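Let me begin by presenting the structure, written as structure tokens, before commenting on it.
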Amino acid sequence: MKQQANLKSPIKDVNERLNSVRNCFNPLHPLFTPGSQIVDHFSSRISFHSPSSSSDENLYQHLQSLNLAFRSSQVNHNSTAVIADRGIKKSHVATAAAHIWADNSVIKQLRVHSLDVTSIEAELMAICTGLIPAMEIDNIHDITVITDSITAARKILESKVDPLQNMFILLAAAVKMFLSKDGRNKIRFWYCPSRAEWPRHKLVDNQVKASSCAPTFPSKESHLFSKKKECDNTLCEWQMHFANSLKKGHYFLNFEDEKGIIIKPTYAKEGSWLPVIGFTNSLCARFTCMTTGHAPIGEYRQRFFPQLPTSCPCGKAKVQTREHIVMECDRHDPSTRPCNTIINSFVHFLADNPEAFSFDNG
Ligand SMILES: [Zn+2]
Numbered sequence: 016m017k018q019q020a021n022l023k024s025p026i027k028d029v030n031e032r033l034n035s036v037r038n039c040f041n042p043l044h045p046l047f048t049p050g051s052q053i054v055d056h057f058s059s060r061i062s063f064h065s066p067s068s069s070s071d072e073n074l075y076q077h078l079q080s081l082n083l084a085f086r087s088s089q090v091n092h093n094s095t096a097v098i099a100d101r102g103i104k105k106s107h108v109a110t111a112a113a114h115i116w117a118d119n120s121v122i123k124q125l126r127v128h129s130l131d132v133t134s135i136e137a138e139l140m141a142i143c144t145g146l147i148p149a150m151e152i153d154n155i156h157d158i159t160v161i162t163d164s165i166t167a168a169r170k171i172l173e174s175k176v177d178p179l180q181n182m183f184i185l186l187a188a189a190v191k192m193f194l195s196k197d198g199r200n201k202i203r204f205w206y207c208p209s210r211a212e213w214p215r216h217k218l219v220d221n222q223v224k225a226s227s228c229a230p231t232f233p234s235k236e237s238h239l240f241s242k243k244k245e246c247d248n249t250l251c252e253w254q255m256h257f258a259n260s261l262k263k264g265h266y267f268l269n270f271e272d273e274k275g276i277i278i279k280p281t282y283a284k285e286g287s288w289l290p291v292i293g294f295t296n297s298l299c300a301r302f303t304c305m306t307t308g309h310a311p312i313g314e315y316r317q318r319f320f321p322q323l324p325t326s327c328p329c330g331k332a333k334v335q336t337r338e339h340i341v342m343e344c345d346r347h348d349p350s351t352r353p354c355n356t357i358i359n360s361f362v363h364f365l366a367d368n369p370e371a372f373s374f375d376n377g
């Protein structure tokens, strides 16, 4: 036994030093055993309320309902409301804060910090910070939790292997205890995005933004944070390679987004270019031809088929270049010409001039 202890300690030390990711999986926890999961017994006493779509109109209606739900939580002595929010600074310090409201006033303000976590983890941390103390208040049967991440809140009902497992076990166990204690106990989660600037949520948001806490080292990263870091590094490498590589072609045309930033490749949200171009095959094909310079135009023929004509049918350009077609050619309505290098302007130009860069009309 003594030898085992002697061996274990250095192994544990090495593991602590070299393994920089926090342990986050606990699939054998009793909360995940079929039959004893929260969803098996209490799903009807936990509800989630969010707008039916992301439109401004639906959000407005949702906020009206949220106002009523909050008011109702403040007039009943057996009810309380928890408003949770989080923020992550550039130093990777995450702040999670929560206000507990009863009788139309804040009865508790809570705040915790963490390092190297993702935003969903920070949001779950904020919910834990407010909800756990609220469930411990005597004679409270109904808790309204207001958060800007319903996805984080829904984790309480999930019983699958998840990188957030160790975080929500703590919350899920407390929720299970609260709901088991009394048949009247209920928890309602309400979505409230920061952008809606709902006044009471804004109070927590301001507190999060004003909070400062210096990071303490060394610290282990969460599993999700570590994955995100790897992903960001790979993406950065990919974008640098794309910017410097000639493989995309000498004629590749760089565009800017609405904010005037040069568009870089990404894997997220269907990529950088496609969502702007739309999914019309012909437009997409002409856009690709225009962007790469591999198009049925004089400039391309001059390079690859010098025996073929290179001038523009308008008669004003000896070599029909891409710039001529977009900026000068009389065959296109001058009012449709792009006045900047923003991608949308070029998409509109192609949409307004179906013959530009088309194989049907060189
Ligand atoms: Zn022309």
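Positions 16 to 377 (the working numbering) are the ones given, in order, by the sequence shown.
All C-beta atoms, glycine included, are put in the ideal place defined by N, C-alpha and C.
It should be emphasised that the depicted structure is a prediction, and the values quoted were computed from it without experimental measurement.
| Item | Value |
| --- | --- |
| DSSP state of Ser120 mapped onto helix, strand, coil | strand |
| heavy atom of ligand 1 below 6 angstroms from Ala310 C-beta | no |
| Segment contact, 8 angstroms Cβ cut-off, at least three pairs: the stretch 140-156 with the stretch 244-257 | no |
| Helix, strand or coil at Phe40 according to DSSP, with G and I counted as helix | coil |
| Residue burial classification, Asp100 (beta-carbon count within 10 angstroms, cutoff 16) | buried |
| Local Cβ density within 10 Å of Ser88, reported as buried at 16 or more and exposed below that | buried |
| Thr295 beta carbon less than 7 angstroms from that of Ser287 | no |
| Burial state of Asp163, where buried means 16 or more other Cβ atoms lie within 10 Å | buried |
| Leu239, buried or exposed, once every other Cβ within 10 Å from all chains shown has been counted against 16 | buried |
| Chain-order list of residues whose beta-carbon lies under 6 angstroms from that of Met16 (same chain, five-residue window excluded) | Note that Met16 has pLDDT 49, beneath the 50 cutoff, so the model's placement of it is unreliable and no number is given. |
| Reduced DSSP secondary structure (H/G/I, E/B, other) of His64 | strand |
| Simplified DSSP state of His107, which is helix, strand or coil | coil |
| Opening and closing residue of the alpha helix (DSSP H) in which Trp253 lies | His238 to Asn259 |
| His114 and Ile103 closer than 7 angstroms at C-beta | no |
| Rounded C-alpha distance that separates Gln126 from Ala141 | The identity of residue 126 in the sequence shown is Arg, whereas the question assumes Gln. Their backbone Cα atoms lie some 8 angstroms apart in a straight line. |
| Simplified DSSP assignment, three categories, for Arg301 | helix |
| According to DSSP, residues forming a beta bridge with Thr159 | Ala96 and Arg203 |
| Buried or exposed (CB count within 10 angstroms, at least 16 for buried), Arg210 | exposed |
| Touching by the beta-carbon criterion (3+ pairs, under 8 angstroms), the stretch 183-200 and the stretch 66-75 | no |
| Secondary structure of Val127, DSSP reduced to three states | strand |
| Which residues DSSP lists as bridging Glu271, in chain order | Ile277 and Ile357 |
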